[in-house]
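Residue numbers for the sequence shown follow the working numbering, beginning at 9 and rising by one.
Note that CB positions come from ideal geometry on N, CA and C, so glycine has one too.
Heads up: the structure comes next, in structure tokens.
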Amino acid sequence: MKRLDELTALDLPAAVARPAYDRHAVATGIVHLGLGAFHKAHQAVVYDAALNGGDLRWGVLGASLRSRGVRDQLAPQGGLYTVTARDGDDAQTRLIGALQGVLVAPEDPAQLVAAMSDAQVHLVTLTVTEKGYKLDPAAGALIHDDPDLAADLKSLDRPRTAPGFIVAALAKRHAAGLKPFTTLSCDNLPHNGSRLREAVLALAAHHDPALRDWIDTHGAFPATMVDRIVPATEEADIAALEARIGLIDRAMVKTEPFSQWVIEDRFVGERPDFAALGVQLTDSVAPWEDAKLRMLNGAHSGIAYVGGLAGIEFVHQFVALPAGRAFVEGLWDESAETLSPPPGLDVPAYRAALMGRFANSALNHRTRQIAMDGSQKLPQRLLAPILARLDRGLKVDTLALAVAAWMRWQEGRDDNGEAYVVDDPLAPRTAGSGNLSAGGARGGLLAIDAIFPPRLAEHPGFRKTLIDALAALRAKGARAVIEDRFG
């Protein structure tokens, strides 16, 4: 069977939507750091729509900061790939042409810095996950003992980190008399724009205080909220797509029909006409961000750990269980009371829509995929609403159960005895704690202040609720616990 590329794409079935523009006439106006499935299914689709609308300034140069896997998938296809939005039996496929190339940063860091320094680049966007910012989740300061960041603190001749590449490129632009680009975080973390700005300014100040001041004065780091469920692509997905379109697409992504992007309206130069492309521009992203992190992402984390411990493979299988659905509703009952909904957000309708998205069986969203990097995700998804409720004297029983499930997950073996790898940057500190006890939970995991703020770790009511939930999970198993509480 033939591979998707610029020539074979001409033979795609008529049902596959294709670019309406000449890809060879597109300028690269965006560099994206951390090219992966989410960017390909979310931001790149918006840029492709801008190109389809006739504004050819918004081609994307993607960069992988680690592996060559994404580049090796896309290069034989000329940067082309498909996005398939699935809902039940319905599948809508679209060919995306916005990617103009893919770099693997470790192979030639200077090439990526030069690309970011080009005058026609107006946006640098990121999906590098929480750990890619090299910031301590609790203190917000640079993690100086991170080996890649330590190398960037020593020299930016060959950057290794996202903040390192940004500072190096901004330094070149400053020296050349160019304006800075707008730097746009598209990661799921609270105040992502300000956190990225803090990392960049701290690294710049270490190397050149004058550069730091120039970035602070003239740069822009808008906050964003991004929302689209993008499960990992599997071989079965590639085979199913091949049967439908007659071509092999090794770079395909699958997703859901829903997509949302909210951006703080603060840029330093040119930008796509985001509003015309369905992106919400706002003065304050925080209320949207809190709703998404605490409702969608918080529930996802709860499902990942409770479901993962119970041996439940997919999100839709978890919410198909009456007790599983009730557990999610219980999480939402607690988290929703901590929100300040922005105008236009109907929380009951939002909850109903989220449950429908979770129940989409066509996505096959694996609980173990969501369980990755939990130490980086817990603070904003579960611990923030817990703190807000405790400050008001409210109970946190369901939220604490989700946190206890994360603690139990660190033991590396589910309730059926199946072993798994705890995939987390703090795994050396969190994993393998199979002898957790009440004292162990308090003195071990709760003592990691990069995850648990001291005032939460030391809160006697929270500790007791957490330890009781952990004991129940270890004694009965996760499925029995939610069936007892919510069945």
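- When beta bridges are read from the DSSP output, residue 94 appears opposite 99.
- Contact between residue 77 and residue 108 is ruled out by a C-beta separation of about 19 Å, above the 8 Å threshold.
- At least 8 Å separates the beta-carbon of residue 221 from that of residue 319.
- Residue 190 is bridged by DSSP to 131 and 228.
- Contact between the region 389-405 and the region 269-288 is not established, with fewer than three Cβ pairs separated by less than 8 Å.
- Relative to the Cα of residue 243, the nearest Cα in the group 335, 55, 127 and 260 belongs to 260.
- Residue 27 and residue 103 do touch by the CB rule: their CB atoms are close to 6 Å apart, below 8 Å.
- Under the three-state reduction of DSSP output, residue 215 falls in the helix class.
- Every beta strand (DSSP E) of 3 residues or more that sits fully in the region 239-305 is shown, in chain order, as 261-263, 268-272 and 288-290.
- Note on geometry: alpha-carbon atoms of residue 411 and residue 480 lie some 13 Å from one another.
- Contact between residue 385 and residue 309 holds, with the beta-carbon distance rounding to 6 Å and staying under 8 Å.
- The beta carbon of residue 70 sits closer than 6 Å to those of 40, 43, 107 and 110, all from its chain and outside the five residues before and after it, given in chain order.
- As the crow flies, the alpha-carbon of residue 186 is around 7 Å from that of residue 127.
- In the three-state reduction of the DSSP assignment, residue 366 falls in the helix class, which pools H, G and I.
- One Cα belongs to residue 273, the other to residue 230, and the distance between them is close to 7 Å.
- Only residues of its own chain outside the window of five on either side were considered, and among them 16 and 255 have a CB closer than 6 Å to the CB of residue 10, listed in chain order.
- The beta carbons of residue 236 and residue 49 sit closer together than 8 Å.
- Around residue 346, the same chain offers 302, 393, 396 and 397 as residues with beta carbons nearer than 7 Å, after the five sequence neighbours per side are excluded.
- If the five residues before and after residue 416 are omitted, its C-beta is found closer than 8 Å to the C-beta atoms of 313, 317, 444, 478, 481, 482 and 486, all from its own chain and listed in chain order.
- A distance below 6 Å between beta-carbons, with the five flanking residues on each side excluded, links residue 434 to the following residues of its chain, in chain order: 383.
- Restricted to the region 391-438, the alpha helix (DSSP H) segments that are unbroken, complete and at least 4 residues in length are 392-399, 405-417 and 435-438, listed in chain order.
- Annotation for residue 120: 71, 111, 113 and 173 place their beta carbon closer than 7 Å to its own, counting only its chain and skipping 5 residues before and after.
- Distance from the CA atom of residue 268 to the CA atom of residue 154, rounded to whole angstroms, is 33 Å.
- Rounded to the nearest whole angstrom, the CA to CA distance from residue 465 to residue 414 is 15 Å.
- Residue burial annotation: residue 145 is buried, with at least 16 other C-beta atoms found within 10 angstroms of its C-beta.
- Residue 490: member of the alpha helix (DSSP H) spanning 486-494, first to last residue.
- The residue from 462, 491 and 118 with its alpha-carbon nearest to that of residue 166 is 118.
- For residue 388, the closest of 196, 368, 373 and 489 by C-alpha to C-alpha distance is 196.
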